[in-house]
Each structure stands twice: as structure tokens, then as C-alpha cells.
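Everything in the sequence shown is counted per numbering that gives the first Met the number 0, starting at 0 for the first residue and increasing by one. To start, the structure under review is shown below, and the notes come after it.
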Amino acid sequence: MIITNTVNLDQNNLIYLYCLTASPYVQINLTEDLNIYSIESNRLFITVKNVSENEFSEDNIKKNLSNEAWLDKQVRDHISVIGKIMETETVLPFNFGTIYKSEESLKQFVDKYHVDFFKTLKYLENKEEWSVKIYCDKIKIIENISILSKNISDIESQIISSSPGKSYILGKKKNEIIAKEINDIYNSCSRQIFTKLKTVGEEYRLNTLLSNDVSGRDEDMIVNATFLIKNENIENLENISDQLIIEYKNIGLILELTGPWPPYTFIKLTN
């Protein structure tokens, strides 16, 4: 069932934006009724819902952002709706909490940038955004450092054949260079992994590394990248990822591939 803009707005309603497509919103299966519909402007369709000023006025949304339970539910709903639409449509996603006060102002915005929107939709057609994160387990690499690092292996050989005094000095030297060796190993392996993944991508972006608190993991993040992949190459991406996970598991590298995600990273607008 296709839903067009048949909802009457009253003065207390704001317009919450999900995404922009080249086709009108089609009813999707959601866990709850969010009263979603589409607004047409210049042959483009904006998937929206009406929201209350009590929650989404500029002042109230700032207050609600500190409410963890409210924020978690709203963000999950936002991503879920866009994800469902992505199953059948190419989308330009809006950020969570993008609000317009009137249909008129929304249409003015779309009309102003409709050429860029069409170009970007065309560019993103039959492509998906995937995330690749690489974490390092330093405990595991330290356990295998003498196998992975020739410098460490050489020092350990010298320690075994040296006098107690020299062994002590070499032991201190070994401890001093372990951190550098670990970083060198991870940098080298990360480059190798990244090079293999790039072979199936149209574009990529390197993103800011997330702290342990944000990632929710004990292991340190050493790569945070996003790839734009043609649909025909998704299976290749997953196969390469599976191979890399096995290949680098024993040295403490953990590769996490997730997607598809709304293509925020690769939206190209001239303005």
C-alpha cells in the first residue's frame, strides 16, 4: 500500500524526517505504528511522521537527549525505519532529530537542493554502506611477540646466551621496545587488511577511533572505516572478512564487519 500525504497537520505538530527517496513511502512492517507517510516535492519523496512539540521542540529535544531510555528508543526507531525502507529503495538518510515546522519550509528545502539530491540518489543506487572496525587484543599479541617480532626474538636469544648482568640489561631493553613492536605489527597488519578490503569497495572513509567506553569493548580500536560497496560485491566482502578474521585471530586482531547502514558517509552535496 502506497501512502501519500493525507495527514492533516495542526499547530502542535512538527514534521520529523527519516529519509528522502525517488519513490513514495510504501507501508513497511514495524513493531509499532509510527504513523509514517511521505511528502512529495519536485518528484522526490520525504518519509516523515508528525511529532509533538512536547518531545521534539528545540528546547524539549535538548532535555530529552539526556534521557538515556528515551534517546535509545528514538534512535533505534529512526535507524529501523530507514533500514526497512532501504530494503526496497535507495535512500538519503536524515540525521536523527531533523525537524521541520511546516510542510512549506520542508518543500522549499527539497526544491532548493533537488538537483544534488537526484545526483546523489543515482550515485548510491545499488550500493550499500558497510562498517569495518578492527580491535587489538594486546594480551594475545604479547603472548606471541617473540614469534611475530624478529627484534624481540633476537633479544631473547641474546638473553639466553648472555651473562646475568648483560641478561638483565637486555631484559630491560626488551620491555622498552615491546610497545613499539606491538604498534608496528598492528599497523602493518591493519594496512594489509585494509588493502584487501579496498579491492571490493567503490569508496572508503577512515573515521575517528572510538574509545573503549564508547565501543563497549576491552580491546583497543585501531581501525574505524566505512566502505561503499556495490550490491554485487557484498558476498565477496563478507567472504574476505571471514578469511581475515581467521587469518589474524591468533595475533589478537579482531575484525568486526557490520551493515548495511544508511549511507550517511557517502552523501555528496555540493552545498
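Note that CB positions come from ideal geometry on N, CA and C, so glycine has one too. Fair warning: this is a prediction, and the values are worked out from it, not measured in the lab.
Open item on the list: Please report the straight-line C-alpha distance between residue 107 and residue 14, rounded to a whole angstrom.
Closed with: 14 Å
Open item on the list: Just to confirm my understanding: we take residue 100, look at its own chain, exclude 5 residues before and 5 after, and list those with CB closer than 8 Å. What are they?
Closed with: 13 and 14
Open item on the list: What ranges does the alpha helix (DSSP H) occupy inside the segment 202–263, keeping only unbroken runs of at least 4 residues that lie completely in it?
Closed with: 211–214 and 233–247
TODO: Thinking residue 254 and residue 263 are a contact (beta carbons under 8 Å), I'd like their distance in whole angstroms, please.
DONE: That pair is no contact at about 22 Å.
Open item on the list: Please classify residue 86 as buried or exposed, where buried requires at least 16 neighbouring CB atoms within 10 angstroms.
Closed with: Exposed, since its Cβ has fewer than 16 Cβ neighbours within 10 Å.
Open item on the list: I'd like to check one pair, residue 82 with residue 259: are the Cβ atoms closer than 9 Å?
Closed with: The answer is yes: Cβ separation under 9 Å.
Open item on the list: With a threshold of 7 Å on Cβ separation, who are the neighbours of residue 197 within its own chain once the five nearest residues in sequence on each side are excluded?
Closed with: Cβ contact annotation for residue 197 (same chain, cutoff 7 Å, sequence separation greater than five): 203, in chain order.
Task: At least three beta-carbon pairs within less than 8 Å, the segment 124–135 to the segment 51–59 - done: Flag = no, the segment 124–135 and the segment 51–59 do not touch.
Open item on the list: For residue 222 and residue 205, I'd like the C-alpha separation in whole angstroms.
Closed with: 8 Å
TODO: Determine which residues share a DSSP beta bridge with residue 130 and list them.
DONE: 225 and 257
Open item on the list: Taking DSSP's pairing of strands, which residues face residue 44 in a bridge?
Closed with: 20 and 39
Task: Opposing strand residues paired with residue 143 [DSSP bridges] - done: None, per the DSSP bridge assignment.
Task: Chain-order list of residues whose beta-carbon lies under 8 Å from that of residue 236 (same chain, five-residue window excluded) - done: 129, 196, 199, 200, 226, 228 and 256
Open item on the list: To the nearest angstrom, how far is the alpha carbon of residue 194 from that of residue 232?
Closed with: 16 Å
- [ ] Taking the CB atoms as reference points, tell me whether residue 44 and residue 19 lie closer together than 9 Å.
- [x] A contact, by the Cβ cut-off of 9 Å.
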